[in-house]
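So the structure is just underneath, and the comments pick up after that.
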Amino acid sequence: MFESLSGRLDSVFKKLRGHGKLTEENIQEAMREVRMALLEADVNFQVVKDFVATVTEKAVGLDVVGSLAPGQQVIKVVHDELVELLGGDTASLVLDGRQPVVIMMVGLQGSGKTTSSGKLAKMLQGKGRKPYLVPADVYRPAAIDQLTILGKSLGVPVHPSTTDQDPVAICKSALHAAKAAGHDTLLIDTAGRLHVDEDLMGELARINSALEPAEILFVADAMTGQDAVTVAEKFNQDLAISGVILTKMDGDARGGAALSIKKVTRRPIKFVGMGEGLDALEPFHPDRVASRILGMGDVLTLIEKAEAVVDKEKAAKLAKKLKKEGFTLEDFLDQIQQIKKMGSLEQIMGMIPGMNKIKQLKNMPKPDERELVKVESVINSMTLKERRNHAIINSSRRQRIAKGSGTSVQDVNKVIKSYTEMLKMMKKMRGQPGGLGAMVGGGKKRKRPKGLTR
Amino acid sequence: MLGWFKKKFESRPEEEQGPGGQTVAEPQAMVANGEAAESSDVDSAPPVAVVAEQLGQPSAPASEFAADNKEPEAGLKFFKRLKERLAKTHDSFVARVDELFLGKKVIDQELFDELEEILIMADLGVGVTREILDRSRAKVKRKELCEPLALKKAIKEQILAYLQQTDRPADLVMPRQGPFVIMVLGVNGVGKTTTIGKLAYKFRQAGQNVLLVAADTFRAAASEQLQIWGQRIGVEVFTRPAGADPSSVVFDGLEYANARNFDVIIVDTAGRLHTQVNLMEELKKIKRVMGKKIENAPHETMLVIDATTGQNGISQARLFNEGVELTGLALTKLDGTAKGGIVVNICHEFNIPIRFIGIGEQMEDLRDFNPQDFIDALFANDHE
Ligand SMILES: Nc1nc2c(ncn2[C@@H]2O[C@H](COP(=O)(O)OP(=O)(O)OP(=O)(O)O)[C@@H](O)[C@H]2O)c(=O)[nH]1
Ligand SMILES: [Mg+2]
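One line per chain: the protein sequences are A and B, in this order. Our numbering applies: residue 51 is where the first sequence begins, and numbers increase by one. Our numbering applies: residue 328 is where the second sequence begins, and numbers increase by one.
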């Protein structure tokens with residue numbers, strides 16, 4: 051339904067080409083797009099409002115430098131601000147207090163507490179700790195069974211709770227049992243509850259004061275919408291949570307709730323859930339989630355990767371040449387050689403702003419690394435004339451090229467097809483600021499975000 | 328909603344009365360006719376009246392069953408809870424209306440901004456919100472609308488139109504012969520199993536013979552969960568050991584059902600993200616198996632959506648619909664503060680009717696979807 055943010059920003063800034071500075075007036079429209087993108091990603095309405103105000107302030111007065119299009123410059127400001135808001139405190143678990151240390155999982159119904167408890171148990175076990183799982187959900191049918199089964203599959207002992215017990219009593223006796231058996235980490239899986247259910251919120255507060263957990267982790271579904279702030283705020287108010295686990299991030303949710311929750315609780319997002327398997331728990335990467343919220347592949351990563359491998363002078367020459375003469379098979383070969391240095395073609399294409407939404411991309415052959423080698427040898431077997439004008443490559447020439455490169459005619463056809471698809475795209479992108487030319491041209495040096503190795 | 332109940336009852340009048348002489352037979356929910364709903368949002372019709380309708384005296388179409396509807400003990404608690412909930416929604420809604428519309432004499436940008444905030448905060452999403460407001464703006468320009476209350480009404484009507492935009496009958500249609508088969512699906516943790524429990528209760532109360540099939544063989548203790556629901560309600564649950572192939576469980580379950588006399592079969596499936604291609608294939612296979620065992624089954628393919636879900640709900644509806652062709656929606660967890668506005672989007676885009684809403688974790692906490700009430704709640708402010 052919507053273009054990507056970068057695409058929209060590019061068209062917003064078309065007019066701005068050549069202007070000297072970003073001003074309040076000329077970024078107003080851009081900020082409308084930013085706002086839209088954030089709302090589409092489910093960032094809370096109020097949070098978006100504040101965010102846009104901050105970013106506007108930061109963007110005003112920036113110089114529009116050389117080849118980095120203004121749209122990208124705004125994106126960078128937005129992205130940096132998002133990363134900063136999402137990141138911050140260290141995200142590791144605090145486990146060095148009084149032993150056994152208590153970790154309590156809290157959250158709405160269905161957010162993923164039980165599965166996350168299992169995942170944490172597994173992770174802690176891997177780190178040499180001795181976890182003890184405590185099912186304290188006496189309400190949802192078979193919730194205790196669920197955790198018991200998970201514990202069994204991990205070889206982690208599970209407290210023998212029963213549904214006729216009081217959850218606070220369960221937790222107290224579990225603490226004794228854990229001490230006696232020499233466990234150093236209690237993982238308490240509490241029942242899902244609504245933040246407006248005062249009775250059940252009170253129950254959590256009682257567990258909290260009885261066990262004094264070192265960590266209270268608020269488990270939230272990445273697909274949550276606007277209500278995330280209301281819920282997180284209340285849980286934080288009542289329990290002073292110590293961190294957040296964002297679950298179901300393996301889907302296609304943009305995950306704006308992460309920002310909302312972080313903003314209202316100021317507690318770090320410590321982990322993300324990436325699947326139903328018990329090892330699908332990963333540390334939280336603010337930069338990845340920021341890109342995801344903005345709905346644009348890893349734009350900055352691409353710029354960095356491009357900067358790292360592309361000879362700038364060569365790139366500038368290419369950009370110039372593209373304007374004058376168009377994109378030939380020789381350039382295609384050049385691109386492929388560069389791409390080979392950067393990563394897979396599909397990945398690269400996915401990272402180019404605007405490209406990921408282009409339909410043709412889907413139909414385009416997606417060569418793997420071995421195929422890139424093939425493409426190279428096919429083009430290498432072409433004559434100079436053929437490389438500059440693919441239209442002359444008829445079937446007899448194709449046969450010759452196939453033979454020369456040790457491939458088949460189909461392979462040759464495929465290469466030519468990839469090339470013509472790319473040509474079409476280039477035509478589309480030409481003249482758009484922030485298109486391939488500007489991308490390859492690069493801008494200022496950026497610090498490479500940690501953990502981005504895609 | 329369960330319109331076909333009537334047909335069935337007409338042919339089998341002796342089953343009018345549920346166990347214990349109870350007649351929650353036609354489980355019509357919320358305020359049924361538009362008039363009542365309209366009056367309830369302008370002047371303040373006492374919430375108690377609304378509750379009375381919900382509890383026992385079903386609205387018009389089912390009045391023939393409204394004979395002896397006392398259910399003292401459980402009823403009182405139920406009554407109290409509902410009353411509290413509705414009163415809260417109702418009062419705050421009135422407050423919001425007062426503040427937003429009655430206090431204003433003209434339609435201005437500020438009013439539009441506030442409306443935008445309300446709609447977006449209710450998870451309708453920027454796209455639909457913009458569409459709704461642009462239309463209203465155009466009407467204001469053409470002087471078709473000039474006062475705030477009329478604007479509110481126009482917006483509500485627009486949302487209502489979206490919600491009613493469906494290719495399918497809003498009522499479940501029962502097959503002439505054989506059991507009515509419902510397949511329930513959705514992403515992890517949205518409330519599938521619970522909704523099935525509540526739905527089974529509803530059918531049970533109406534005197535139907537229900538079988539639950541536990542085709543979630545993946546999540547730990549999923550079938551145990553469904554079995555406990557079965558015990559609570561007094562309906563049979565067909566299970567196989569964990570790890571069994573779900574479509575073979577369904578195959579065996581329907582075979583079991585075919586040899587017996589069930590009116591309704593509800594199949595619980597494992598939660599899955601809509602983006603998981605192989606798990607979508609698994610669902611398709613389950614669906615195919617149903618059709619092989621019972622003609623035209625499943626008669627209802629119901630997607631469960633959690634009211635706290637944001638814009639991702641669209642993607643869920645789209646991909647599940649592409650995979651298994653949905654025929655209805657259930658919206659759960661409306662007892663929290665989330666409004667579930669994403670369903671407006673879903674109805675609008677995919678023409679799938681919303682059948683039920685979940686308003687709690689107990690077996691009585693399922694209601695027929697009433698668009699008017701839903702829309703009123705969208706505008707209600709219960710954050711204070
Ligand atoms: N407050 C509230 N909680 C609900 C509602 N419906 C379901 N729940 C709760 O949500 C949680 C998850 O419900 P389940 O029925 O297990 O969800 P599911 O979709 O079957 O979950 P999986 O099978 O694990 O994917 C449980 O704690 C339910 O009690 C509702 O309408 N309101
Ligand atoms: Mg389930």
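Glycine is no exception: its CB is placed at the ideal position from the N, C-alpha and C atoms.
Would you verify that the beta carbon of residue i is, or is not, closer than 8 Å to some beta carbon of chain B?
i        : result
Asp195/A : yes
Leu59/A  : no
Val105/A : no
Gly345/A : no
Val246/A : yes
Met51/A  : Residue confidence for Met51/A is low, a pLDDT of 32 falling below 50, so the modelled location carries little weight; the figure read from the coordinates is stated next. Yes - at least one Cβ of chain B is within 8 Å of the one on Met51/A.
Among residues of its own chain, excluding the 5 on either side of residue i, which ones have a beta-carbon nearer than 8 Å to its beta-carbon?
i        : result
Phe677/B : Ala644, Arg645, Asn648 and Leu653
Met617/B : Val508, Met510, Val577, Leu581, Val594, Ala624 and Pro625
Thr456/B : Glu443, Leu446 and Ile447
Lys611/B : Gly650 and Val651
Please compile the residues from chain A whose C-beta is within a distance smaller than 9 Å of the C-beta of residue i.
i        : result
Gln638/B : Leu89, Glu90, Ala91, Asp92, Met273, Gly275, Ala303, Arg304 and Gly306
Should residue i be counted as a contact of ligand 4 given a C-beta to heavy atom distance under 7 Å?
i        : result
Ala569/B : Ligand 4 is not among the ligands present in this structure, which contains only ligand 1 and ligand 2.
Looking only at its own chain, which residues have a Cβ that is under 7 Å from the Cβ of residue i, when we skip the five neighbours before and after it?
i        : result
Leu383/A : Glu426 and Ile429
Arg85/A  : Val98 and Val102
Ala466/A : Before going on, a small fix: residue 466/A reads as Ile here, not Ala. Only His440 and Ile443 meet the Cβ criterion.
Lys470/B : none
Gly306/A : Leu88, Ala91, Asp92, Val93 and Ile343
Ser161/A : Gly242, Val269, Ala270, Asp271 and Thr297
Val564/B : Leu539, Ala541, Leu553, Gln554 and Gly557
Arg531/B : Val537, Ile560, Gly561 and Val562
Ala255/A : Asp288 and Leu289
At a CB-CB cut-off below 7 Å, which residues of chain A make contact with residue i?
i        : result
Met448/B : Phe95 and Gln276
Let me see if you follow: with CB-CB separation under 8 Å, is residue i close to chain A or not?
i        : result
Val453/B : yes
Lys660/B : yes
Thr566/B : no
Glu444/B : yes
Thr635/B : yes
Ser642/B : yes
Phe439/B : no
Ile669/B : yes
In the DSSP assignment, what residue or residues form a beta bridge with residue i?
i        : result
Ile153/A : Leu237/A and Glu265/A
Phe731/B : Residue 731/B is absent from the structure shown; chain B starts at 328 and stops at 711.
Asp113/A : Lys71/A
Val594/B : Met510/B and Val540/B
Met629/B : Val511/B and Gly655/B
Val322/A : Leu296/A and Glu332/A
Ala270/A : Leu296/A
Pro185/A : Asp239/A
Glu563/B : Leu538/B
Thr636/B : Thr274/A
Under 7 Å Cβ-Cβ, which residues of chain B neighbour residue i?
i        : result
Asp300/A : Leu600
Ala192/A : Ala548, Glu551, Gln552 and Ile555
Find the residues of chain B that neighbour residue i, judging by a C-beta separation of less than 9 Å, and give them in chain order.
i       : result
Val84/A : Near Val84/A there are no residues of chain B at all, since even the closest Cβ is about 12 Å away, more than 9 Å.
Within the same chain, show all residues whose beta-carbon is closer than 6 Å to that of residue i, passing over the 5 residues directly before and after it, in chain order.
i        : result
Cys569/B : Contrary to the premise, residue 569/B reads as Ala rather than Cys in this sequence. Taken in chain order, the residues that qualify are Thr544.
Met154/A : Ile238, Pro263 and Ile266
Leu250/A : Arg243
Thr520/B : Gln552, Leu553 and Asp595
Arg179/A : Asp234 and Thr235
Give, in chain order, every residue of the stretch 515-534 of chain B whose Cβ lies closer than 9 Å to some Cβ of chain A. So the close ones are Asn515, Gly516, Val517, Gly518, Thr520, Thr521 and Gly524.
Selection of the stretch 199-226 of chain A by Cβ proximity to chain B, strictly under 7 Å: Within the stretch 199-226 of chain A, the qualifying residues are Ile199 and Leu200.
Short of 7 Å Cβ to Cβ, which residues in the stretch 536-562 of chain B face chain A? Taking 7 Å as the Cβ-Cβ cut-off, the stretch 536-562 of chain B approaches chain A at Ala547, Ala548, Glu551, Gln552, Ile555 and Trp556, given in chain order.
Pull out every residue of the stretch 144-177 of chain A whose Cβ sits closer than 9 Å to any Cβ of chain B, in chain order. Answer in chain order: Leu158, Gln159, Gly160, Ser161, Gly162, Thr164, Thr165 and Gly168.
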